[in-house]
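Just so it is clear: in the sequence shown, position 180 is 180 by this note's numbering, and no numbers are missing.
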Amino acid sequence: MSNIGSYEERIKDFSWKLAEEELEYKDGDVINIGWYCSDRNCIKGKGEKMALIWEGLGGVEKKYTFNDVRLASNTIGHHLRGLGIKNEDRVCLFMDKIPELYLSFLGVLKIGAIAQPLFSAFGDESLHVRLENAQTKAIITQRKHVSKVRRILEQMPYLEHIIIVDHDGKKPLKERETVFNLEEAEKIDEFEIFPTKAESPSLLHYTSGTTGQPKGVKHVHYSIISQYLTAKWVLDLQDDDIYWCTADPGWVTGTSYGIIGPWSQGITQCVLDTGFSAESWYKFIEKNKVSMWYSAPTAIRSLMKAGDDLIKQHDLSSLRHIASVGEPLNAEAVIWSEKVYGMPFYDTYWQTETGSMMLTNYPGMKIKPGSMGKPFPGIIAAVLDEKTFEPITEPNKPGLIGFKPGWPSMMRTYWGNEETYKKKFVNGWYLPGDKSTIDKDGYFWFVGRDDDVINTGGHLVSPFEVESALLEHEAVAESAVVAKPDEVNMEVVKAFVTLNPGFVADDDLELKIMNFIRKKLSPLAMPQEIEYMEKLPKTRSGKIMRRMLRAKEWGEEIGDTSTLDDE
Ligand code: WT7
1 MSNIGSYEER IKDFSWKLAE EELEYKDGDV INIGWYCSDR NCIKGKGEKM
51 ALIWEGLGGV EKKYTFNDVR LASNTIGHHL RGLGIKNEDR VCLFMDKIPE
101 LYLSFLGVLK IGAIAQPLFS AFGDESLHVR LENAQTKAII TQRKHVSKVR
151 RILEQMPYLE HIIIVDHDGK KPLKERETVF NLEEAEKIDE FEIFPTKAES
201 PSLLHYTSGT TGQPKGVKHV HYSIISQYLT AKWVLDLQDD DIYWCTADPG
251 WVTGTSYGII GPWSQGITQC VLDTGFSAES WYKFIEKNKV SMWYSAPTAI
301 RSLMKAGDDL IKQHDLSSLR HIASVGEPLN AEAVIWSEKV YGMPFYDTYW
351 QTETGSMMLT NYPGMKIKPG SMGKPFPGII AAVLDEKTFE PITEPNKPGL
401 IGFKPGWPSM MRTYWGNEET YKKKFVNGWY LPGDKSTIDK DGYFWFVGRD
451 DDVINTGGHL VSPFEVESAL LEHEAVAESA VVAKPDEVNM EVVKAFVTLN
501 PGFVADDDLE LKIMNFIRKK LSPLAMPQEI EYMEKLPKTR SGKIMRRMLR
551 AKEWGEEIGD TSTLDDE
């Protein structure tokens, strides 16, 4: 029997109170995600249960029970407090998927500080704009990433502490740098957790929009109510499960369902901190007897490409339930997974701002391959007319997705940008910025984004950010960045540029510009192709027409070009 039982029954008289009761929380109580994910499991008799099975390069393994997680997060919290970090201070987590990332996430929350996880492949520019926005006080990082922090240090007077978790004591430390070694630190058993309340801030995740700098999505401790129940009902996590979420906690899936969802339920999870390879993934599932697996379409398409023979060479019989998030999951991938794994990937739709799953497929519910499924109980969702912002009642007619605000894990604001936050609400609906249809049975079907943001392999990239970075290259005069179709990543970044006088438009320069972006921003934001142009298409008011360039890449109709300046 699945945890959700009957979807139809659950949506009748649904109340989030149910999750509050299961977590023994009452309005006005102290609620701290760090405590829920560690101490509470120990109190419930799961102290010796395995919480984290970690594997790094070369098959190195580390294991932590819930009691180990409790002690480690206390110890990190204690260390941060000793450095003068207080509640609501921002602490950036800038690490690969090493155990310290998961453990310090909880440690930061235990002292009431705000965790700011950032993808460790970010270059110095990507890092800088996010630390600047949050006025981050401390960063916890690894030796291999510290040079990026050093390069921008002068511009960050607010950043008081750079804490290196894997320093070997050999190379000298620079300004503001200190060493913290979790294994050697004296374990703190008794720890005073900061009494955060429902609305106390917990987390800042950065997400990219079409214009402007990335936005810091602010979440609060009460978000655990949503994350707990969605993990229980959609991922169907059960006590003896071995769960594997393939996402990096630098992104929201990696915290909502790579930490909070499973651990608030006391579930064992495993983490693989190596790059993607179909073979190593199957080996990992086989070795750890993974039973619940939450992944993403790009990875799934890569697994499809790797072929079915590889699957036959591994024992994947432990798998019981599998799900996906981040980008459209094609119908073929769902049908394929049914054939090769004996079960379909259950698609889930949500975003950084929503903090938890919004539209999803449920165990026991009929799956329509290619559909995102139905709203989570308690979520009121509609497809809205693009002009009136009223729900469209006719089936299969595309419009903007709208959610009625009020679920526990909804973002509370964009950090320092209340104005943009407010613009996300129209006519009483929260607009996630995506388009969909609803069929006659109430299933949602993804149509596309309502903006120019590029979704490459499940990661959002802002064309504005890449365009701005391109302009910093000496050869580039003007730039326009759009999505280009890609078999595996669905979309990749493509740049159109005009050059400054004296530069030659050749392959060598293309490579140089690509590398420049990779280092400055990240490998995800790096254009996969750069096309040189004599001039870029612009409107009469001088705005670059990305829409036209995009249409060209996708072989689509160009549409209305009446404002195009083509003199
Ligand atoms: C955007 C959110 C929260 C997961 C990680 C991404 C797209 C997400 C689906 C899906 C089609 C999807 C949307 C959304 N997206 N899930 N199942 N089908 N598109 O979080 O970086 O905030 O991106 O990813 O466009 O708005 P994110």
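Beta carbons are placed, not taken as given, at the ideal position from N, Cα and C, and that holds for glycine.
ILE31 in three-state terms, based on DSSP: Translated into positions along the sequence shown, residue 31 becomes position 31. Three-state result, ILE31: coil.
At least 3 beta-carbon pairs within less than 8 Å: the stretch 263-274 vs the stretch 243-253: yes
Nearest-angstrom beta carbon gap, SER120 and GLY250 [assumed within contact, 8 Å]: Residue 250 sits at position 250 when you count from the first residue of the sequence shown. Residue 120 sits at position 120 when you count from the first residue of the sequence shown. That pair is a contact at about 6 Å.
Among VAL493, ASP315, LYS520, the one whose alpha carbon lies nearest that of ASN455: Residue numbering aside, residue 455 sits at position 455 when the sequence shown is read from its first letter. Closest by alpha carbon: VAL493.
At least 3 beta-carbon pairs within less than 8 Å: the stretch 381-399 vs the stretch 439-450: yes
Chain-ordered list of residues that sit, by beta carbon, closer than 7 Å to a heavy atom of the ligand WT7: THR207, TRP251, VAL252, THR253, SER324, VAL325, GLY326, GLU327, PRO328, LEU329, ASP347, THR348, TYR349, TRP350, GLN351, THR352, GLU353, MET372, PRO432, GLY433, ASP434, PHE446, ARG449, ASN455, GLY458, HIS459, LEU460
Secondary structure of ASP566, DSSP reduced to three states: As a position in the sequence shown, residue 566 is number 566, starting the count at 1. Unreliable placement is indicated for ASP566, whose pLDDT of 48 sits below 50; no coordinate value is reported for it.
C-alpha gap between ALA505 and GLU183, whole angstroms: Here residue 505 refers to the residue found at position 505 when the sequence shown is read from its first residue. Here residue 183 refers to the residue found at position 183 when the sequence shown is read from its first residue. Taking the straight line joining both Cα atoms gives about 53 Å.
Member of LYS368, GLN351, PHE444, PRO408 whose CA lies at the smallest distance from the CA of ILE392: The residue labelled residue 392 in the question sits at position 392 within the sequence shown. If we check each option's Cα against that of ILE392, PHE444 comes out closest.
Rounded distance between the beta-carbons of ILE224 and SER264, thought under 8 Å: Stepping through the sequence shown from its first residue, residue 264 is reached at position 264. Stepping through the sequence shown from its first residue, residue 224 is reached at position 224. Contact holds; Cβ gap of about 6 Å.
CB-CB length for LEU109 against ASN181, believed under 8 Å: For the purposes of this step, residue 109 is taken as the residue at position 109 of the sequence shown. For the purposes of this step, residue 181 is taken as the residue at position 181 of the sequence shown. So it is not a contact: roughly 21 Å between Cβ atoms.
Range covered by the alpha helix (DSSP H) that runs through GLY82: Stepping through the sequence shown from its first residue, residue 82 is reached at position 82. Taken as a continuous stretch (DSSP letters only), the alpha helix (DSSP H) holding GLY82 covers 66-82.
Integer-rounded CB distance, given that GLU286 should sit under 8 Å from HIS314: To locate residue 314, count along the sequence shown from 1; it is residue 314. To locate residue 286, count along the sequence shown from 1; it is residue 286. With a Cβ gap of about 5 Å, HIS314 and GLU286 count as contacting.
Cβ pair count under 8 Å reaching 3, the stretch 315-328 against the stretch 287-296: yes
Three-state class that DSSP yields for LEU499 in the structure shown: As a first step, residue 499 must be located in the sequence shown, where it is residue number 499. Here LEU499 sits in strand by DSSP.
Beta-carbon gap between MET365 and TYR349 smaller than 7 Å: Numbered from its first residue, the sequence shown carries residue 365 at position 365. Numbered from its first residue, the sequence shown carries residue 349 at position 349. No, they are not a contact pair.
Proximity below 7 Å, CB of SER522 to CB of GLY123: For the purposes of this step, residue 522 is identified with residue 522 of the sequence shown, where counting begins at 1. For the purposes of this step, residue 123 is identified with residue 123 of the sequence shown, where counting begins at 1. Cβ distance < 7 Å, so SER522 and GLY123 count as in contact.
Identity of the residue in MET358, ASP68, GLY378 nearest MET50 by Cα: As a position in the sequence shown, residue 50 is number 50, starting the count at 1. Cα-wise, what sits closest to MET50 is ASP68.
Rounded separation between PHE425 and LEU470 - CA only: Position 425 of the sequence shown, counted from the first residue, corresponds to residue 425. Position 470 of the sequence shown, counted from the first residue, corresponds to residue 470. Distance between the alpha carbons of PHE425 and LEU470 is about 32 Å.
Endpoints, the beta strand (DSSP E) within which TYR25 is located: The count along the sequence shown starts at 1 and reaches residue 25 at position 25. Unbroken run through TYR25: none, as it is neither H nor E.
Runs of beta strand (DSSP E) lying entirely within the stretch 255-318, each at least 3 residues, in chain order: 268-272, 292-295
C-alpha distance - ALA495 paired with GLU467, whole-angstrom precision: What you label residue 495 is simply residue 495 of the sequence shown in a count that begins at 1. What you label residue 467 is simply residue 467 of the sequence shown in a count that begins at 1. Going from the Cα of ALA495 to the Cα of GLU467 covers about 8 Å.
Straight-line Cα distance separating LYS305 from ASP566: Residue 566 sits at position 566 when you count from the first residue of the sequence shown. Residue 305 sits at position 305 when you count from the first residue of the sequence shown. At ASP566, the pLDDT of 48 sits below 50, so the modelled position is not reliable; the number obtained from the coordinates is stated separately. In a straight line, the C-alpha of ASP566 is about 43 Å away from that of LYS305.
Beta-ladder partner(s) of VAL568, from DSSP: Residue 568 is absent from the structure shown; the chain starts at 1 and stops at 567.
Extent of the continuous alpha helix (DSSP H) to which GLY364 belongs: Along the sequence shown, one-based indexing puts residue 364 at 364. Segment: none, GLY364 is in no alpha helix (DSSP H) and carries neither H nor E.
Distance CB(ALA185)-CB(THR75) smaller than 7 Å: To locate residue 185, count along the sequence shown from 1; it is residue 185. To locate residue 75, count along the sequence shown from 1; it is residue 75. Taking 7 Å as the Cβ cut-off, ALA185 and THR75 qualify as a contacting pair.
Environment of ILE155 [buried if 16+ CB atoms lie within 10 Å]: Residue mapping note: residue 155 aligns to position 155 of the sequence shown, counting from 1. Per the sequence shown, residue 155 should be read as Gln rather than Ile. Its Cβ having fewer than 16 others within 10 Å, GLN155 is exposed.
Delimiting residues of the beta strand (DSSP E) encompassing ARG449: For the purposes of this step, residue 449 is identified with residue 449 of the sequence shown, where counting begins at 1. 444-449 is the span of the beta strand (DSSP E), which, as asked, contains ARG449.
Neighbour-count burial assignment, SER317, 16 or more Cβ in a 10 Å radius: Along the sequence shown, one-based indexing puts residue 317 at 317. Looking at its Cβ environment, which holds fewer than 16 other Cβ atoms inside 10 Å, SER317 is exposed.
Beta-carbon proximity of ALA115 to ILE85, cut-off 7 Å: Translated into the one-based positions of the sequence shown, residue 115 becomes position 115. Translated into the one-based positions of the sequence shown, residue 85 becomes position 85. Cβ atoms of ALA115 and ILE85: not closer than 7 Å.
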